[in-house]
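**Q**
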Amino acid sequence: MEKFVVQGGKELSGSINISGSKNSSLPILAASLLTRETCVIRRVPDVADTNYMIQILQNLGAEVERASGNVTIRSEKLRSHEAPYDLVRKMRASVCTMGPLLARRNRADVSMPGGCVIGDRPIDLHLRGLEGFGAVSRVEGGTVHLEAHDGLKGAEINMSGKHGVTVLGTDNVMMAATLAQGTTVIVGAACEPEVVDLANFLNAMGAKISGAGTPRIVIEGVEELGGAEHTVIPDRIEAGTFLVAGAIASPKGITLNRVAPEHLIAVTDVLQRCGCTVEISEHSIRIARAENPTGAHIITEPYPGFPTDMQAQMCALFATTPGTSVVRDTIFPQRFMHAAEMKRMGADIEVSDGTALIHGVEQLSAAPVMASDLRASAALVLAALTAKGDTEISRVYHIDRGYEHIDEKLMALGATIQRLPA
Ligand code: EPU
4 MEKFVVQGGK ELSGSINISG SKNSSLPILA ASLLTRETCV IRRVPDVADT
54 NYMIQILQNL GAEVERASGN VTIRSEKLRS HEAPYDLVRK MRASVCTMGP
104 LLARRNRADV SMPGGCVIGD RPIDLHLRGL EGFGAVSRVE GGTVHLEAHD
154 GLKGAEINMS GKHGVTVLGT DNVMMAATLA QGTTVIVGAA CEPEVVDLAN
204 FLNAMGAKIS GAGTPRIVIE GVEELGGAEH TVIPDRIEAG TFLVAGAIAS
254 PKGITLNRVA PEHLIAVTDV LQRCGCTVEI SEHSIRIARA ENPTGAHIIT
304 EPYPGFPTDM QAQMCALFAT TPGTSVVRDT IFPQRFMHAA EMKRMGADIE
354 VSDGTALIHG VEQLSAAPVM ASDLRASAAL VLAALTAKGD TEISRVYHID
404 RGYEHIDEKL MALGATIQRL PA
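When you line the sequence shown up against this note's numbering, it's residues 4 to 425, in that order.
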């Protein structure tokens with residue numbers, strides 16, 4: 004296990020490139036199971052989660068090569084339709100192999116992912132969606148067994164649940180629908196840019212999908228899909244995390260290149276309202292710390308609302324922003340493990356019923372803290388940037404699941420971070 008030691012008080016400046024999106028790459032890698040032909044996926048970030056997905060594909064029989072961001076996959080002969088527990092338990096997103104396996108093999112046996120630190124995370128909507136094609140599911144021994152003896156049949160499928168839309172659930176159904184007989188209409192679909200990116204990849208493979216990015220997606224099933232090349236979109240959450248780094252620690256400003264500013268409007272709007280200078284170009288964003296920062300009231304919502312994957316980072320910013328800020332997470336109300344760790348650094352945060360009430364303090368002070376999940380750990384690194392002293396953040400394997408070389412990128416901007424054995 005490794006830890007980070009972050010020296011507080013270093014001002015950030017300069018520029019970095021943002022990596023390809025982790026949350027786009029995962030379903031796109033899984034979608035390569037839908038064809039026997041070769042797929043080439045570019046700008047796949049080198050993070051633990053994409054490596055887990057590649058291991059799952061290899062376990063199913065795919066041949067995979069990975070070289071400097073390009074992943075080449077050939078799933079000509081699948082030897083299995085089973086994603087086992089020892090791989091699935093490492094990463095929930097492995098559930099998005101269900102749709103492609105069911106479409107390609109009429110069968111999928113995928114171990115049930117358990118709950119995780121950000122909440123309960125059920126998969127009922129995925130199963131309801133796939134059953135809409137005529138598949139039958141049963142859970143036995145911790146594994147979901149899905150079968151569709153007569154193949155998948157297109158249908159109208161409603162993907163919305165009591166917590167709103169589901170991103171990977173929409174992905175699973177969209178992937179299954181590409182090879183189903185007839186037309187599928189998904190209503191209540193997630194509109195996230197990662198869903199659109201997956202649809203673009205599937206269309207490049209020969210699928211007939213329209214409406215991705217809206218709540219109604221129409222998919223005309225085809226006989227088979229072919230190989231395709233695709234470049235994944237920039238990671239909007241990595242970009243958002245570095246925007247907050249600039250808002251916390253860069254009076255002169257930092258520039259993020261290779262971003263898609265149109266995917267970040269909810270985040271850049273809030274940062275501007277908080278007083279930061281934000282300059283947006285076609286593929287880059289420059290941000291500088293506010294001279295007179297003000298807090299804000301944020302509620303997470305599905306895209307294009309404020310992303311739940313950015314709420315922990317905003318808590319880090321508000322911890323030292325004068326006045327009172329409110330952060331409410333409607334998507335994962337239990338996702339506030341970072342608050343307790345930030346309190347150890349002197350933050351004044353009260354959490355109840357999925358809402359954090361944050362009274363900004365003048366400065367945080369370094370303390371040993373523990374990373375609990377991907378975004379919470381990123382938030383602790385951000386909080387440490389201006390804390391007094393050296394903050395030790397343990398269990399950084401959480402951060403390595405989804406941020407490509409975050410320590411090196413922050414060091415390129417002038418931060419002092421050491422990665423040490425814990
Ligand atoms: N939900 C259900 N039933 C389901 C599926 C979801 O009730 O069958 C609920 C969830 O419990 C949650 C809400 O619906 O309350 C939304 O969950 P969603 O299914 O959209 O989450 P996901 O698709 O499993 C993706 C991202 C998450 C991100 C969420 C929300 C990937 C690989 N993961 O998860 O990213 O927080 O969408 O935007 O795309 C992260 O990157 O740190 C991360 C957790």
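Each residue gets a CB set at the ideal place from its N, CA and C atoms; glycine is no exception.
Does the ligand EPU have even one heavy atom less than 8 angstroms from the beta-carbon of G135?
**A** No; taking the cut-off as 8 angstroms, the Cβ of G135 has no heavy atom of the ligand EPU nearer than that.
**Q** What is the DSSP secondary structure of K346, reduced to helix, strand or coil?
**A** Three-state result, K346: helix.
**Q** To the nearest angstrom, how far is the alpha carbon of I160 from that of E150?
**A** When rounded, the distance between both Cα atoms is 18 angstroms.
**Q** Would the C-beta of D153 count as close to the ligand EPU, meaning under 8 angstroms from any of its heavy atoms?
**A** D153 Cβ: outside cutoff for every heavy atom of the ligand EPU.
**Q** In or out: M4 buried (at least 16 other Cβ within 10 Å) or exposed?
**A** It is exposed - the Cβ of M4 has fewer than 16 other Cβ atoms within 10 Å.
**Q** What would DSSP say about T217, mapped onto helix, strand or coil?
**A** In the structure shown, T217 sits in a strand (DSSP, three-state: E or B).
**Q** Can you give the beta carbon distance from I57 to A415, rounded, assuming they're within the 8 angstroms contact cut?
**A** In fact, because the Cβ distance is near 27 angstroms, the residues do not count as touching under 8 angstroms.
**Q** Thinking just about the alpha-carbon of each residue, which of T173, N295, R378 is nearest to the one in R338?
**A** Selected option, being the one with the closest Cα: R378.
**Q** Between E85 and the ligand EPU, is the CB less than 8 angstroms from at least one heavy atom?
**A** Every heavy atom of the ligand EPU is 8 angstroms or more from the Cβ of E85, so no.
**Q** So, do the region 323-332 and the region 292-310 have three or more beta carbon pairs nearer to each other than 8 angstroms?
**A** Yes, since at least three Cβ pairs between the region 323-332 and the region 292-310 fall closer than 8 angstroms, the two stretches touch.
**Q** Are the region 369-388 and the region 309-317 touching by the rule of at least three beta carbon pairs closer than 8 angstroms?
**A** Flag = yes, the region 369-388 and the region 309-317 touch.
**Q** Write down every uninterrupted run of the beta strand (DSSP E) in the region 157-230 whose length is 3 residues or greater and which is fully enclosed by it, in chain order.
**A** Runs of the beta strand (DSSP E) inside the region 157-230: 159-161, 186-190, 211-213, 219-223.
**Q** Below 8 angstroms on the Cβ atoms is my guess for C318 versus M340; work out the distance and round it to an integer in Å.
**A** About 11 angstroms; that fails the 8 angstroms criterion.
**Q** State yes or no: is the C-beta of I251 nearer than 8 angstroms to some heavy atom of the ligand EPU?
**A** False, no ligand heavy atom lies under 8 angstroms from that Cβ.
**Q** Checking the sheet assignment: what are the DSSP bridge partners for H362?
**A** Paired residue(s): T327, D351.
**Q** Grouping DSSP H, G and I as helix and E and B as strand, with all else coil, what is I126?
**A** In the structure shown, I126 sits in coil (DSSP, three-state: anything other than H, G, I, E or B).
**Q** Pull up the DSSP beta-bridge partners for E5, would you.
**A** DSSP, once it has assigned bridges, lists P424 as partnering E5.
**Q** Based on the DSSP output, what are the partners of L259 in its beta bridges?
**A** Partner(s): I19, I288.
**Q** Taking the straight line between their C-alpha atoms, what separation do you get for T100 and E407?
**A** Approximately 23 angstroms, taken between the alpha carbons.
**Q** Would you tell me roughly how many angstroms separate the C-alpha atoms of E265 and D153, rounded to the nearest one?
**A** When rounded, the distance between both Cα atoms is 42 angstroms.
**Q** Please check the pair V330 and I290, which I expect to be a contact at CB under 8 angstroms, by giving their CB distance rounded to whole angstroms.
**A** Actually they are not in contact, since the Cβ atoms of V330 and I290 sit about 19 angstroms apart, beyond 8 angstroms.
**Q** Below 8 angstroms on the Cβ atoms is my guess for V390 versus S368; work out the distance and round it to an integer in Å.
**A** Checking the sequence shown, residue 390 turns out to be Ala, not Val. Yes, A390 and S368 are in contact; Cβ-Cβ is about 6 angstroms, under 8 angstroms.
**Q** Do V188 and V225 count as a contact pair if the criterion is CB distance below 9 angstroms?
**A** It is not a contact, given that the beta carbons lie outside the stated cut-off.
**Q** Kindly examine the ligand EPU and report whether one of its heavy atoms sits closer than 8 angstroms to the Cβ of V120.
**A** No; taking the cut-off as 8 angstroms, the Cβ of V120 has no heavy atom of the ligand EPU nearer than that.
**Q** In the DSSP assignment, what are the bridge partners of A86?
**A** Note: A86 sits in a beta bridge opposite V113.
**Q** Just checking T358 against the ligand EPU - is the residue's beta carbon closer than 8 angstroms to any of the ligand's heavy atoms?
**A** No; taking the cut-off as 8 angstroms, the Cβ of T358 has no heavy atom of the ligand EPU nearer than that.
**Q** With a Cβ-Cβ cutoff of 9 angstroms, do V9 and T394 count as a contact?
**A** Closer than 9 angstroms, so yes.
**Q** Between T181 and L133, which are expected to be in contact by the criterion C-beta below 8 angstroms, what is the C-beta distance as a whole number of angstroms?
**A** Rounded, the Cβ-Cβ distance is 13 angstroms, inconsistent with contact.
**Q** Among the residues of its own chain, which have a CB less than 6 angstroms from the CB of I126, if the five just before and after it don't count?
**A** If we look at I126 and ignore the five residues flanking it on each side, its Cβ neighbours are V98.
**Q** Determine the extent of the alpha helix (DSSP H) in which D272 is found, giving its start and end residues.
**A** Looking at the DSSP string, the run of the alpha helix (DSSP H) that includes D272 is 268-276.
**Q** Buried or exposed for E365, going by 16 or more other Cβ atoms inside 10 Å?
**A** Exposed, by the Cβ-count rule.
**Q** What separation, rounded to the nearest whole angstrom, lies between the Cα atoms of L179 and L385?
**A** Correcting the residue identity first, residue 179 is Ala in this sequence and not Leu. Taking the straight line from one Cα to the other gives about 39 angstroms.
**Q** Below 8 angstroms, is the gap between the Cβ of L423 and the nearest heavy atom of the ligand EPU?
**A** No.
**Q** Considering only DSSP beta bridges, list what L149 is partnered with.
**A** L149 pairs with A111, S140.
**Q** Under a three-way DSSP split, which group does E395 fall into?
**A** Note: E395 maps to strand in three-state DSSP.
**Q** Among residues of its own chain, excluding the 5 on either side of T244, which ones have a beta-carbon nearer than 6 angstroms to its beta-carbon?
**A** Q316, A381, listed in sequence order.
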